[in-house]
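Down below is the structure, laid out as structure tokens.
Numbering (my numbering), first residue to last: 2 to 246.
In structure tokens form, the structure reads like this:
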């Protein structure tokens, strides 16, 4: 393996616990919904269980209308817009926006401490770093405004919205490699999705470190450069890419 000089990171569930953050964010939107004047006036107050169910229905309906490999399939605003249509039988713009804003406000409460410790370590070790992520740019900027507000760690961020396709489509990896200015074998992709991050990167000639948070077993014809079991192990990447383990 050639000397690795650049590390590409996925964002969600790689540098922070996205699943826990999403649950907190949805609860925040529920509180907003329950206190909204329109909801009270029209007697549409829901239990948490019903609200969660309607959100899931709205999310499924939005995704069913979209090609799954496009960034807009991740849009919470589309989900909340659809929710208002399910609940009120009409689009309620002010409520949809309020729910979206309440949901997004939770990004400031994400725990990035372990990621920041690791990123500081990589920076001091001389590695260049960037983000390669599937999502709409605005949402990822909201998260990164908390994690890396001034661009101290990441030279650039590449979202699937900008490229028009999502990982594991080869186009997003080729675009990222081109932006890096180094060859694919000098790059390590770090991510939690086997198909999107690991297989996609390996197919493009990059190295790949799998952040296997769910301790899943993958018996495919691809072997990552290394495996991690938790976000707190991120600093182990240096040992992996230097061939020490």
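Ideal Cβ placement from N, Cα and C applies to all residues, glycine included.
Whole angstroms is fine: what's the gap from residue 54's alpha carbon to residue 73's?
C-alpha separation (whole angstroms): 21 Å.
Considering Cα atoms alone, identify which of 237, 229, 49 is closest to residue 122.
That would be 237, whose Cα lies nearest to the Cα of residue 122.
Here's a check: name, in chain order, each residue in its chain whose Cβ is nearer than 7 Å to the Cβ of residue 14, leaving out the five neighbours to either side.
Same-chain partners within the cutoff: 20, 193, 214.
If you count every other CB in all the chains shown that lies within 10 Å of the CB of residue 87, and 16 or more means buried, which is it?
Exposed.
With distances taken Cα to Cα, identify the nearest neighbour of residue 113 among 130, 147, 140.
If we check each option's Cα against that of residue 113, 147 comes out closest.
Under the rule that 16 or more other beta-carbon atoms within 10 Å means buried, what is residue 152, buried or exposed?
It is exposed - the Cβ of residue 152 has fewer than 16 other Cβ atoms within 10 Å.
Mind checking which residues open and close the alpha helix (DSSP H) that includes residue 6?
Counting along the chain, residue 6 falls outside any alpha helix (DSSP H), and DSSP gives it neither H nor E.
In this structure, how does DSSP classify residue 135 when only helix, strand and coil are distinguished?
The answer is coil: DSSP assigns residue 135 none of H, G, I, E or B.
Using 7 Å as the threshold, is the C-beta distance between residue 207 and residue 198 below it?
Going by C-beta atoms, residue 207 is not nearer than 7 Å to residue 198.
Can you tell me whether residue 165 is buried or exposed, with buried defined as 16 or more other CB within 10 angstroms of its CB?
Result: exposed.
Using the three-state DSSP reduction, which class does residue 13 fall into: helix, strand or coil?
Correct three-state label for residue 13: strand.
Does DSSP classify residue 124 as helix, strand or coil?
Helix at residue 124.
When you compare the stretch 80-97 with the stretch 52-66, are there three or more beta-carbon pairs, one atom per stretch, that lie closer than 8 Å?
Touching, per the Cβ criterion.
Return the chain-ordered list of same chain residues with a C-beta closer than 7 Å to the C-beta of residue 77, the five sequence neighbours on each side being excluded.
Excluding positions up to five away in sequence, the list reads 101, 104.
Tell me whether the beta-carbon of residue 209 lies closer than 7 Å to the beta-carbon of residue 111.
Their beta carbons are not under 7 Å apart, which means residue 209 does not touch residue 111 by this criterion.
Which full runs of the alpha helix (DSSP H) of 4+ residues lie inside the stretch 86-126, going along the chain?
Counting whole runs of 4 or more residues, the stretch 86-126 contains the alpha helix (DSSP H) stretches 94-105, 114-125.
Suppose you measure from the CA of residue 45 to the CA of residue 157; what does that come to, to the nearest Å?
When rounded, the distance between both Cα atoms is 44 Å.
Is the distance from the Cβ of residue 183 to the Cβ of residue 7 below 7 Å?
In this structure, residue 7 lies closer than 7 Å to residue 183 by Cβ.
Report all residues from its chain with a CB closer than 7 Å to the CB of residue 99; omit the five preceding and five following residues, and keep chain order.
For residue 99, where only same-chain residues beyond five positions count, the Cβ hits under 7 Å are 33, 37.
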